[in-house]
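Below is one structure; the comments refer to it alone.
Protein chains: 2
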Amino acid sequence: MYILVTYDVDTTCNEGARRLRRVAKACLDYGQRVQNSVFECEVTEAQLCTLKNMICDIIDVQTDSVRFYYLNKNIARRAEVLGVETSYNVNDAIII
Amino acid sequence: MYILVTYDVDTTCNEGARRLRRVAKACLDYGQRVQNSVFECEVTEAQLCTLKNMICDIIDVQTDSVRFYYLNKNIARRAEVLGVETSYNVNDAIII
Chain X
1 MYILVTYDVD TTCNEGARRL RRVAKACLDY GQRVQNSVFE CEVTEAQLCT
51 LKNMICDIID VQTDSVRFYY LNKNIARRAE VLGVETSYNV NDAIII
Chain E
1 MYILVTYDVD TTCNEGARRL RRVAKACLDY GQRVQNSVFE CEVTEAQLCT
51 LKNMICDIID VQTDSVRFYY LNKNIARRAE VLGVETSYNV NDAIII
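Residue numbers (my numbering), protein chains in the order written: chain X, 1 to 96; chain E, 1 to 96.
Right, here's the structure in full:
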């Protein structure tokens, strides 16, 4: 399934910035970063469960907020971008 | 339809912070802020078109990024939250 992970933390403190880096690293194992605190991931149910457990171990549940959104299966109706495009289609062929 | 608007801008400069406030104000006319730069909105096609036009007029397309995601119609399969919950269901009754 295709999911979006959004993360909110006060990165003005070093510990918050460190947690953001660790959440990003966990998400990057399953997808790509499209904005500073937004990640698009393509995962199975099992991978999503693993990712949630990893994130639970990283965040401070008293202050941080991580949201998981389930996106449209139809890629054409999934997302639109205004301004800078920082995404790529993970299913596209890579030309070397 | 139910959409998610995510916004990325360098808010360390005053102009960026001002643009973020203006984008937030535009989104809040159609939904709610659930994270610093994440907004959940319930809109018609016409309202989405209006919102996009408003945001286009606000952002700096050379540096800012605004993404619109189309979410699942089934609310139970739309989103999950770890940590702080900052959302409310706009369709819930308000108890006074």
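Idealized CB from N, CA, C, for every residue including glycine.
Could you confirm whether any beta carbon from chain X is found closer than 9 Å to the beta carbon of residue i?
i, result
"I94(E)", "At I94(E) the pLDDT is 43, less than 50, meaning the model places this residue with poor confidence and gives no usable figure here."
"V79(E)", "Correcting the residue identity first, residue 79(E) is Ala in this sequence and not Val. So yes, A79(E) belongs to the interface."
"G83(E)", "yes"
"L4(E)", "yes"
"Y105(E)", "Residue 105(E) lies beyond the residue range present for chain E, which begins at 1 and ends at 96; the question has no answer from this structure."
"A17(E)", "no"
For residue i, decide whether its Cβ has a neighbour in chain E, counting only Cβ atoms nearer than 9 Å.
i, result
"V90(X)", "Here the model assigns V90(X) a pLDDT of 47, short of 50, so the residue's position is not dependable and the matter cannot be decided."
"C56(X)", "yes"
"Q62(X)", "yes"
Just to make sure I have the definition right: I need the residues of chain E whose C-beta is within less than 7 Å of the C-beta of residue i. Which are they?
i, result
"C104(X)", "Limits of chain X in this structure are 1 at one end and 96 at the other, which puts residue 104(X) out of reach."
Run down chain X in chain order and give the residues with a C-beta less than 9 Å from the C-beta of residue i.
i, result
"K52(E)", "E80 and L82"
Anything in chain X within Cβ reach of residue i, meaning under 7 Å, just list it in chain order.
i, result
"T86(E)", "S65"
Tell me, please, which residues DSSP counts as bridged to residue i.
i, result
"D8(E)", "S65(E)"
"A46(X)", "In the DSSP output, where bridge partners are listed per residue, A46(X) has none listed."
"R33(E)", "F39(E)"
"G83(X)", "S65(E)"
"L71(X)", "L71(E)"
"I3(X)", "C41(X) and Y70(X)"
Hey, residue i and residue j: beta-carbon distance below 9 Å or not?
i, j, result
"R33(X)", "I58(X)", "no"
"V5(X)", "T63(X)", "no"
"L48(X)", "F39(X)", "no"
"S37(X)", "L20(X)", "yes"
"Y30(E)", "E42(E)", "yes"
"S65(E)", "L82(X)", "yes"
"F68(E)", "E85(X)", "no"
"A26(X)", "M1(X)", "no"
Name, please, each residue of chain E whose Cβ falls closer than 9 Å to the Cβ of residue i.
i, result
"D8(X)", "V34, Q35, N36, S37, V38, G83, V84 and T86"
List the residues of chain E that residue i touches, going by C-beta distances under 8 Å, in chain order.
i, result
"L71(X)", "Y69, Y70, L71 and N72"
For residue i, is the beta carbon positioned less than 8 Å from some heavy atom of the ligand MG?
i, result
"C41(X)", "Among the components modelled here there is no ligand, and therefore nothing to report on the ligand MG."
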